[in-house]
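Peer 1:
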Amino acid sequence: MAWEFLTVYWREMIRFVRFRTQLLSSLLQPALWMAFFGVAMSSNFNRFASAVQVPAGIVPVDYLTFMAAGVIAMTTLFTSLFGGISLLFDKNWGLMREMLASPMPRTHIMLGVSLSGMTKSFIQVAIIMAFGLLLGVQFFPGFSVTRIVLSLLGIFAFVGVFSLGFLLFSSTISMRLESPEGLQGIITLLTLPLFFVSNALYPIQAFPPLLQALSIYNPLTHLVSGVRYFALGSDFFAVGARYTSTTADVLASFAYLVLFASVMYFLARRTFQRAVVT
Amino acid sequence: MEGVDIIEVRDLEHTFDGFAAVRGISFTVRKGEIFSFLGPNGAGKSTTINILTSLLPLQKGTVRVAGYDVAREPGKVREAIGIVFQDDVLDRDLTVWETMEFHGRLYTIPRDERRRRIDELLRVVELVPKRDERTKNLSGGMKRRLQIARGLMTRPEVLFLDEPTQGLDPQTRMRMWEYIRQVNEAGTTIFLTTHYMEEADMLSDRISIIDHGRIVVSGTPEELKNALGEDVVYLETEDDAKARETLRGIGEIRSVTESPRGLSITISADGSHCLPQIVERVRGAGIAISSVNLKKPTMDDVFVHYTGRELRDEGA
Numbered sequence: 098m099a100w101e102f103l104t105v106y107w108r109e110m111i112r113f114v115r116f117r118t119q120l121l122s123s124l125l126q127p128a129l130w131m132a133f134f135g136v137a138m139s140s141n142f143n144r145f146a147s148a149v150q151v152p153a154g155i156v157p158v159d160y161l162t163f164m165a166a167g168v169i170a171m172t173t174l175f176t177s178l179f180g181g182i183s184l185l186f187d188k189n190w191g192l193m194r195e196m197l198a199s200p201m202p203r204t205h206i207m208l209g210v211s212l213s214g215m216t217k218s219f220i221q222v223a224i225i226m227a228f229g230l231l232l233g234v235q236f237f238p239g240f241s242v243t244r245i246v247l248s249l250l251g252i253f254a255f256v257g258v259f260s261l262g263f264l265l266f267s268s269t270i271s272m273r274l275e276s277p278e279g280l281q282g283i284i285t286l287l288t289l290p291l292f293f294v295s296n297a298l299y300p301i302q303a304f305p306p307l308l309q310a311l312s313i314y315n316p317l318t319h320l321v322s323g324v325r326y327f328a329l330g331s332d333f334f335a336v337g338a339r340y341t342s343t344t345a346d347v348l349a350s351f352a353y354l355v356l357f358a359s360v361m362y363f364l365a366r367r368t369f370q371r372a373v374v375t
Numbered sequence: 497m498e499g500v501d502i503i504e505v506r507d508l509e510h511t512f513d514g515f516a517a518v519r520g521i522s523f524t525v526r527k528g529e530i531f532s533f534l535g536p537n538g539a540g541k542s543t544t545i546n547i548l549t550s551l552l553p554l555q556k557g558t559v560r561v562a563g564y565d566v567a568r569e570p571g572k573v574r575e576a577i578g579i580v581f582q583d584d585v586l587d588r589d590l591t592v593w594e595t596m597e598f599h600g601r602l603y604t605i606p607r608d609e610r611r612r613r614i615d616e617l618l619r620v621v622e623l624v625p626k627r628d629e630r631t632k633n634l635s636g637g638m639k640r641r642l643q644i645a646r647g648l649m650t651r652p653e654v655l656f657l658d659e660p661t662q663g664l665d666p667q668t669r670m671r672m673w674e675y676i677r678q679v680n681e682a683g684t685t686i687f688l689t690t691h692y693m694e695e696a697d698m699l700s701d702r703i704s705i706i707d708h709g710r711i712v713v714s715g716t717p718e719e720l721k722n723a724l725g726e727d728v729v730y731l732e733t734e735d736d737a738k739a740r741e742t743l744r745g746i747g748e749i750r751s752v753t754e755s756p757r758g759l760s761i762t763i764s765a766d767g768s769h770c771l772p773q774i775v776e777r778v779r780g781a782g783i784a785i786s787s788v789n790l791k792k793p794t795m796d797d798v799f800v801h802y803t804g805r806e807l808r809d810e811g812a
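This is the structure:
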């Protein structure tokens, strides 16, 4: 087993801590979403939702808690989609030649960059959860300590696989593009449908059939489902709808994300092996 | 191991979208020498270096570096070479030490050995005091020195230097030449590209002049200059016309031209041997000489001679 990807990982993390503004904004952005959008929307939604009777014996979940899972997913999506941009800069500034001219296998470049992107998502997710706690997000209602630990592992497993998938996707695009502006354009174009045609901010039960069908194929939906399953349990009530999920549902969502990440891995590998950078 | 070819290139051709950047070049570099590709920007130097270092796929021809075929065993070639790229290829936000550490880890040099080499090389290029400085804060010369140190970290058999002194001030350039010579004396074969005449002239054991993707001529700097055989003596006397008469019959003189500023005498042999004879003849005829000047051909003359045009610093 070759470990050179750890070298790339090491450098990416040095950059992450050193680019102070990038570090700060990546940590502040999700907190701001929670603080403004979350708090503003939850006071509204809770007003409407209170009109719907919560069935007896089901855990009611307030909007802020409901959308916290969505903010985790959204942050992971944004960070991962942009994660490949460091490759684009490496390529444009000629830095990639050093790596390509070295004996290191090329797949290690994308592995190192992707793993560092995953680490950044983990850090962000941890911050969102801690900050959410301060704002009154009620994750893990009535869970035992063991269950909380297992739930955290579950959340990080979902976030990890999801972010790898989008990081590899982002790496592929970055290797094929010439300019950061191009990448920015593609990402902006993608984030809107990915974000809004999902269950991140609202239930998909009320979507028109076409959007509902689309949202099922959206990896973000599966990430959000996974996070909610681990954070809120298998049966809860939020935004006027009841959410139930079985272990099989969650495993299926996870399998879907693994499949997505695998496809992205092979696309990225092909791109890297063919890439010519001078 | 003198005389062994460490780089062998045969019939190399490379085309970018229909533009032939390299049009069939062949050359060899011997182990231990400094070999230069001299030519203007766009002549095909960088393309050649990119193919030799496996960054560009081989389209046509054969290339062997350090005993390995670049197309078949690029991994082996990569292990055997070091590269200093044309522009400053340094991560601005890494420190000097981290830059070296990163490179050493890419080549999986074991930790202790790696750290030892970093210390040693930073001392050689006099960057020890800048060890923890981020590379964006280094001067141009320091950046280049760091890149040379980095290129040497893997103890390469061949070090490729693409325009090593482009954009450096004259003093720094002289220092870089010293480093390059030191590295070469320590046993590393050096392949360098340059569009600076004096650089090729001062450093190289052998030079190939490249223009429009073809090698125009190859040889040692001396061979190339001597091949021109055109030393010129400039002579100012009190009576140039009369002086010109006295020079008739000296076999080595190819031609004499008269101008208001004196005579220029083109000599087919070594001008320094012919000069005393010229002076004696003119003096013997009682003509006073006010000025004598001998001009040996430079690499510029060689370049102009073989390519028919001046080597300008295009776009640099």
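Chains A and B supply the protein sequences, listed in that same order. Just add 97 to the spot in the first sequence (first one is 1) and you have the numbering used here. Just add 496 to the spot in the second sequence (first one is 1) and you have the numbering used here. Heads up, the beta-carbon is just placed ideally off N, CA and C, and yes, glycines get one too.
(1) As a quick exercise: from A:Ala165, A:Phe179 and A:Ser213, pick the residue whose alpha carbon is nearest that of Leu329 of chain A.
(2) Between which two residues does the beta strand (DSSP E) carrying Asn789 of chain B extend?
(3) Is Arg588 of chain B helix, strand or coil when you go by DSSP?
(4) Could you compute how far the alpha carbon of Leu548 of chain B sits from the alpha carbon of Glu278 of chain A?
(5) Taking the continuous beta strand (DSSP E) assigned at Arg112 of chain A, which residues delimit it?
(6) Along the chain, where does the beta strand (DSSP E) containing Glu509 of chain B start, and where does it finish?
(7) Starting from the beta carbon of Arg801 of chain B, find every residue of chain A whose beta carbon is closer than 8 Å, and list them in chain order.
(8) Given that a residue counts as buried once 16 or more other Cβ atoms are within 10 Å of its Cβ, and exposed if not, what is Lys556 of chain B?
(9) Count the other CB atoms, across all protein chains shown, that sit within 10 Å of the CB of Asp707 of chain B; report buried if there are 16 or more and exposed otherwise.
(10) Compare the Cα-Cα distances from Arg611 of chain B to each of B:Asp701, B:Phe598 and B:Arg777 and report the closest residue.
(11) Determine, using beta carbons only, whether Pro104 of chain A comes closer than 8 Å to chain B.
(12) Going by DSSP, which residues form a beta bridge with Lys626 of chain B?
(13) How far does the beta strand (DSSP E) with Val374 of chain A in it reach, from first residue to last?
(14) Using a threshold of 8 Å, state whether the C-beta atoms of Leu720 of chain B and Ser532 of chain B are closer than that.
(15) Whose CA, out of B:Thr558, B:Gly540, B:Ile577 and B:Arg568, lies closest to the CA of Thr467 of chain B?
(16) Would you call the region 249-267 of chain A and the region 321-336 of chain A in contact, with 3 or more CB pairs under 8 Å?
(17) If the cut-off is 7 Å on Cβ atoms, which residues from the region 766-789 of chain B count as contacting chain A, listed in chain order?
(18) Quick one: grab the DSSP three-state call for Tyr326 of chain A.
(19) Output, in chain order, the set of chain A residues within a Cβ distance shorter than 7 Å of Tyr603 of chain B.
(20) Report the option in B:Ile644, B:Gly637, B:Asn633 and B:Gly636 whose CA atom is closest to the CA atom of Glu616 of chain B.
(21) Note down the Cα distance separating Pro305 of chain A from Val294 of chain A, rounded to an integer number of angstroms.
(22) Does Ser542 of chain B come out as helix, strand or coil in the three-state DSSP assignment?
(23) Going by DSSP, what residues sit across from Ser532 of chain B in a beta bridge?
(24) To which residues of the same chain is Tyr362 of chain A closer than 7 Å at the C-beta, ignoring the five residues directly before and after it?
(25) Taking Cβ positions only, does Asp809 of chain B come closer than 8 Å to chain A?
(26) Where Ile284 of chain A and Leu317 of chain A are concerned, what is the direct C-alpha to C-alpha distance, given to the nearest angstrom?
(27) If I'm right that Val525 of chain B touches Ile545 of chain B with Cβ under 8 Å, what's the distance once you round it to whole angstroms?
(28) Measuring CB to CB, does Glu275 of chain A end up less than 8 Å from His205 of chain A?
(29) I want to verify the contact list: residues of chain A whose CB lies under 9 Å from the CB of Pro553 of chain B, in sequence order.
(30) Given Ile301 of chain A, which residues of its chain have a CB within under 6 Å of its CB, disregarding the five upstream and five downstream residues?
(31) Kindly indicate which three-state DSSP category Tyr675 of chain B falls into: helix, strand or coil?
(32) Within 8 Å, do at least three Cβ pairs link the region 109-126 of chain A to the region 201-217 of chain A?
(33) Just to make sure I have the definition right: I need the residues of chain A whose C-beta is within less than 7 Å of the C-beta of Ile579 of chain B. Which are they?
(34) Less than 8 Å between the CB atoms is what I'm expecting for Thr595 of chain B and Arg646 of chain B, so what's the real figure, rounded?
(35) If Ser267 of chain A and Ser177 of chain A are in contact, beta carbons under 8 Å, what's the gap, nearest whole angstrom?
Peer 2: Based on what the coordinates show:
(1) A:Ala165
(2) Ile785 to Lys791
(3) coil
(4) 33 Å
(5) No beta strand (DSSP E) contains Arg112 of chain A, which is instead part of the alpha helix (DSSP H) from Phe102 to Arg115.
(6) Asp501 to Phe512
(7) With the sequence shown as reference, residue 801 of chain B is identified as His, and Arg is not the correct amino acid for it. Under the 8 Å cutoff, chain A gives no residues; its nearest Cβ is about 32 Å from His801 of chain B.
(8) exposed
(9) buried
(10) B:Phe598
(11) Per the sequence presented here, residue 104 of chain A reads as Thr, with Pro not at that position. Chain B, which has a Cβ nearer than 8 Å to the Cβ of Thr104 of chain A, makes this yes.
(12) DSSP output for Lys626 of chain B lists no bridge partner at all.
(13) Taken as a continuous stretch (DSSP letters only), Val374 of chain A belongs to no beta strand (DSSP E), as it is neither H nor E.
(14) no
(15) Shown here, chain B extends from 497 to 812; a query on residue 467 of chain B therefore has no answer.
(16) yes
(17) none
(18) helix
(19) Ser199 and Pro200
(20) B:Ile644
(21) 11 Å
(22) helix
(23) B:Leu688 and B:Ile703
(24) Leu265
(25) Only weak support exists for where Asp809 of chain B lies, its pLDDT of 47 falling under 50; the coordinates are left without a value.
(26) 15 Å
(27) 12 Å between Cβ atoms; not a contact.
(28) no
(29) Val373
(30) Gln309 and Ser312
(31) helix
(32) yes
(33) Ala198
(34) 6 Å
(35) 6 Å
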